[in-house]
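First comes the structure, then the notes that go with it.
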Amino acid sequence: MSGRWQFASGVNHGAWAMFGASLASTTTERPTGVHFFVPRSDLTIVDTWHSMGLRGTGSNDVVLDDVFVPDHMILPDGQLFASGTEHAKRHETLGYSCIPIFTGLAFILTGPVIGIAETALAAFVERTLEWKDVFIRSSKAHRVQIQVRLAQAQDEIRSAKARVSGVMDLFDQLIAEGRRATTEERILAKWQICEAGEACKDAVDRLFVAAGSHSVFDDSVLQRAFRDLHVAKNHSFLDIDLAREMRGRVELGLDPGTPLF
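If you count the sequence shown from 1, position 129 lands on 129 in my numbering, and the numbers rise without skipping.
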């Protein structure tokens, strides 16, 4: 295998890495999509992850130069996305194969996103209680606009957690019933996940603005949360516009318009 891949999160710490590729076929004109595994020792890590946020993920570029990959380390996309590989069948957790892979991958991102928002909320409350307004000579906690923004942010974060909890309930139901999700269930779950991410972003934006000039310093938890959450929300799996489009299409009796859900 040869090529260059972007956004290899965790590559500096993991012993193995997985990448997607297209294999030329001798029998058809269309290449075969696959995912394959290689040890980190076969990689060249390119230091490209100089980002505004989520710097700790180390999502650098990776280069492979004519690296041999044995057949047992290559998985066809069709089997992988359907959780139908022989490797998966050897595990007791096979029930999780009921969870659609793209929805599941998007779901994984909700934990850090909600955690960032909750951290920002706690930092805002702590800062506000000790923050004196030079004009009214008392804590800014007495200002109505601060109280309103705080209440709105709390509601947005709670809404996000409720949406994610609903997706968890769907996953549990699928596993208990031993069935695959319908198209409608997958679309709804993906939409709920993306709306949760959007709500957390809105909450942090609201708190960042309310905190005023003190939120922009490098040692401010709010500025870090602002940067990290905006970078997280730019992940393709949390694309709110696409999620809303897919849901609208399905509600109108159309196809989703993309298989990536």
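Cβ coordinates follow ideal geometry from the N, Cα and C atoms, glycine included.
Task: Among Leu105, Gly33 and Leu75, nearest to Met168 - alpha-carbon criterion - done: What you label residue 168 is simply residue 168 of the sequence shown in a count that begins at 1. The option with the nearest alpha carbon to Met168 is Leu105.
Open item on the list: Given a cut-off of 9 Å on the beta-carbon distance, is the pair Arg224 and Gly53 in contact?
Closed with: For the purposes of this step, residue 224 is taken as the residue at position 224 of the sequence shown. For the purposes of this step, residue 53 is taken as the residue at position 53 of the sequence shown. Cβ atoms of Arg224 and Gly53: closer than 9 Å.
Task: Whole-Å CB distance - Val34 paired with Leu43, under 8 Å assumed - done: Position 34 of the sequence shown, counted from the first residue, corresponds to residue 34. Position 43 of the sequence shown, counted from the first residue, corresponds to residue 43. About 18 Å separates the two Cβ atoms, so there is no contact after all.
TODO: Could you pull out every residue in the same chain whose Cβ sits closer than 8 Å to the Cβ of Ser175, ignoring the five residues on either side in sequence?
DONE: Taking the first residue of the sequence shown as 1, we reach residue 175 at position 175. A quick correction: the sequence has Ile, not Ser, at residue 175. Correct list, in chain order: Gly95, Tyr96, Cys98 and Ile99.
Task: Reduced DSSP secondary structure (H/G/I, E/B, other) of Phe68 - done: As a first step, residue 68 must be located in the sequence shown, where it is residue number 68. Reduced to three states, the DSSP call for Phe68 is coil.
Open item on the list: Can you find the residues in the same chain that come closer than 7 Å, C-beta to C-beta, to Ala120, ignoring five residues on each side of it along the sequence?
Closed with: In the sequence shown, residue 120 corresponds to position 120, counting from 1. The residues are Val204, Leu207, Val221, Leu222 and Ala225.
TODO: Grab the span of the beta strand (DSSP E) containing His230 for me, first residue to last.
DONE: Here residue 230 corresponds to residue number 230 of the sequence shown, with the count starting at 1. No beta strand (DSSP E) holds His230; the alpha helix (DSSP H) holding it covers Val221 to Lys233.
Open item on the list: Considering only the alpha carbon of each residue, which of Pro39, Ala21 and Ile101 lies closest to Ala181?
Closed with: Taking the sequence shown and counting its residues from 1, one reaches residue 181 at position 181. Taking only the C-alpha atoms, the option nearest Ala181 is Ile101.
TODO: Name, in chain order, the residues that DSSP records as bridge partners for Lys132.
DONE: Your numbering for residue 132 matches position 132 in the sequence shown. Answer by DSSP bridge pairing, in chain order: Ser139.
Open item on the list: Could you check whether Ser25 and Asp66 sit closer than 9 Å to each other, using their CB atoms as the reference points?
Closed with: Position 66 of the sequence shown, counted from the first residue, corresponds to residue 66. Position 25 of the sequence shown, counted from the first residue, corresponds to residue 25. No, the Cβ-Cβ distance between Asp66 and Ser25 is not below 9 Å.
Task: DSSP three-state assignment for His91, whether helix, strand or coil - done: Residue mapping note: residue 91 aligns to position 91 of the sequence shown, counting from 1. For His91, the secondary structure class from DSSP, reduced to helix, strand or coil, is coil.
TODO: Indicate, with yes or no, if the ligand PLP has a heavy atom lying under 8 Å from the CB of Gln173.
DONE: Within the structure as shown, the ligand PLP is missing, as the structure has no ligands at all.
- [ ] Work out the CA separation of Phe81 and Ile116 for me, nearest whole Å.
- [x] On the sequence shown, position 116 is the one that residue 116 refers to. On the sequence shown, position 81 is the one that residue 81 refers to. Cα-Cα distance, rounded: 29 Å.
Open item on the list: If I follow the unbroken alpha helix (DSSP H) through Trp191, where does it start and stop?
Closed with: Here the question's residue 191 lines up with position 191 in the sequence shown. Thr183 to Ala210 is the extent of the alpha helix (DSSP H) around Trp191.
Open item on the list: Can you tell me whether Asp241 is helix, strand or coil according to DSSP?
Closed with: The residue labelled residue 241 in the question sits at position 241 within the sequence shown. Assignment of Asp241 by DSSP, reduced to helix, strand and coil, places it in the helix class.
Open item on the list: On the DSSP letters alone, give me the boundaries of the beta strand (DSSP E) that Ile309 sits inside.
Closed with: Residue 309 lies beyond the range of the chain shown here (1 to 261); nothing can be said about it.
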